[in-house]
Amino acid sequence: MQYLRQLLEVENSQLAHLLRFTLHGLEATLNQARIEFPLDPGVKVCDEVLQEIHSLLQPKPTLLQPDIGWQDTIIPSQNQLKLSHLKDAFDSDSELNYYLGNSQLQSQTDSDLWNEIQRKLLRIPEELAASWRQRSLDMAQEVGANADISNLYQLPFIRDEIIYPGLSGTIQTKGLSLYQQAFSNSQIIQSNASDVPAGFLFLYMNFIEIDSDLHHALKSVFSFDVISLHSKLEQRNEYVNALSERCQRIKKAEENADPLSILRSWIDMDEAIHSLVFVPPAERYSWWGKLQHESRRILKKVADQAMNAGCEVRIRQLSGLYADICASSKDDLQLDFGGTPGEVLTCLRVYARMNQEESPGRVIFRSSR
10 MQYLRQLLEV ENSQLAHLLR FTLHGLEATL NQARIEFPLD PGVKVCDEVL
60 QEIHSLLQPK PTLLQPDIGW QDTIIPSQNQ LKLSHLKDAF DSDSELNYYL
110 GNSQLQSQTD SDLWNEIQRK LLRIPEELAA SWRQRSLDMA QEVGANADIS
160 NLYQLPFIRD EIIYPGLSGT IQTKGLSLYQ QAFSNSQIIQ SNASDVPAGF
210 LFLYMNFIEI DSDLHHALKS VFSFDVISLH SKLEQRNEYV NALSERCQRI
260 KKAEENADPL SILRSWIDMD EAIHSLVFVP PAERYSWWGK LQHESRRILK
310 KVADQAMNAG CEVRIRQLSG LYADICASSK DDLQLDFGGT PGEVLTCLRV
360 YARMNQEESP GRVIFRSSR
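Letter by letter, the sequence shown follows residues 10 to 378 of this note's numbering.
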């Protein structure tokens, strides 16, 4: 335990990143095994192992959370921020408030502020996000900071992508990227999982760690509200466990080669993927919205395969006016802000009809008031 923790705390270490990804994968695998084999004689010891892994993965206590590894050593007051003008401009922009809600930026350091802003831009329409990325970079350059793509916090996924750059010069902080090699290394302990669902599993486990704005709306975990994953640790664990279980279910269905079982498993997995949300939910044509839509594109292909096998299948993503789709949904969630009153904010679960069997969808919608 001592040396595992020491390695995890080494900054800018690829070995530390690999160890963290591997521990996340081991935690997910053991949690799933714990569900499948509740009477196994090793259950009690397994629970102790899971507690040790959980303890290892907890961030080292700092004055700022949750941006692990991105904190400045000295916390300046608001008027000492080099990027204070950027913060003020961001907080006062009415168009951003429409998509992000009226919550103010919370960061106390330039390093954290840069990352908080860049992550929020992942939730708004891409054209607006591109405009604000350039504006934020221009304001950073005015105080002697420059874009830096050589120092990136790497999230494991099925492809490589620079999400946003870090900064060097008068402000030094990491950017964010997707890194396929980290995912491939993690697959050592996830070799029984399909690439795309396992990719989302590992990406989400790590994204949850660095973004305190993330919530979940997964009905099987909690059906009555949208729940913060930052303030509710037990909900975070239950959500990740549910995502892992659905990932494993897809693999088993694929092994059995039953088109309808595969489709049902993918509908459940797609629901878990789309149930990781922000409040208000990310805009459909944002970076985050397009990331999640990758799952829905695969779901459509799986539905087409089932139809080609002779099954009667209809899949519908619910959107538009809530009054027009509410007959096709069940146990929906309502927000009093974000988006347009009376409209669907995000489709958590698609409506499905398979061989006369109907499965209602589920959405988050904006109240009409």
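The beta-carbon is built from N, C-alpha and C at its ideal position, and this holds for glycine as well.
In the three-state reduction of the DSSP assignment, residue 143 falls in the helix class. Contact between the stretch 331-348 and the stretch 293-301 is absent: fewer than three C-beta pairs spanning the two stretches fall below 8 angstroms.
Its chain contains 244 as the residues whose beta carbon lies nearer than 7 angstroms to that of residue 231, once the 5 sequence neighbours on both sides are disregarded; these appear in chain order.
For residue 188, there is no enclosing alpha helix (DSSP H); the enclosing beta strand (DSSP E) covers residues 184-188.
Residue 178 sits in a strand when the DSSP states are folded into three classes.
Within the same chain, 235, 236, 237, 238, 286, 287 and 288 come within 7 angstroms of residue 224 by CB-CB distance, once the 5 residues on both sides are set aside. Approximately 7 angstroms separates the beta-carbon atoms of residue 258 and residue 277; this is inside 8 angstroms, confirming the contact. Each residue's CA atom was taken as its position, placing residue 261 and residue 210 some 16 angstroms apart. Under the three-state reduction of DSSP output, residue 278 falls in the helix class. Closest in alpha carbon position to residue 160, among 29, 182 and 145, is 182. Three or more Cβ pairs closer than 8 angstroms define a contact, and the stretch 365-376 meets that threshold against the stretch 319-328. In terms of CA proximity to residue 345, 290 leads the group 158, 304, 305 and 290. Annotation for residue 168: 187 and 189 place their beta carbon closer than 8 angstroms to its own, counting only its chain and skipping 5 residues before and after. In the displayed model, residue 363 falls within a strand according to three-state DSSP. When beta bridges are read from the DSSP output, residue 355 appears opposite 373. From the listed residues 162, 364 and 152, the smallest Cα separation to residue 92 is found for 152.
Residue 16 and residue 28 do touch by the CB rule: their CB atoms are close to 6 angstroms apart, below 8 angstroms. Going by beta carbons, residue 155 and residue 178 fall inside the 8 angstroms limit. Looking at 124, 107 and 130, the one whose alpha-carbon comes closest to that of residue 116 is 124. Counting the other Cβ atoms within 10 Å of the Cβ of residue 166 gives 16 or more, which makes it buried. According to DSSP, residue 173 shares a beta bridge with 185. Look at residue 290 here: in three-state DSSP terms it is coil, with no helix or strand label.
Of 362, 148 and 46, the smallest CA-CA separation from residue 273 is found for 362.
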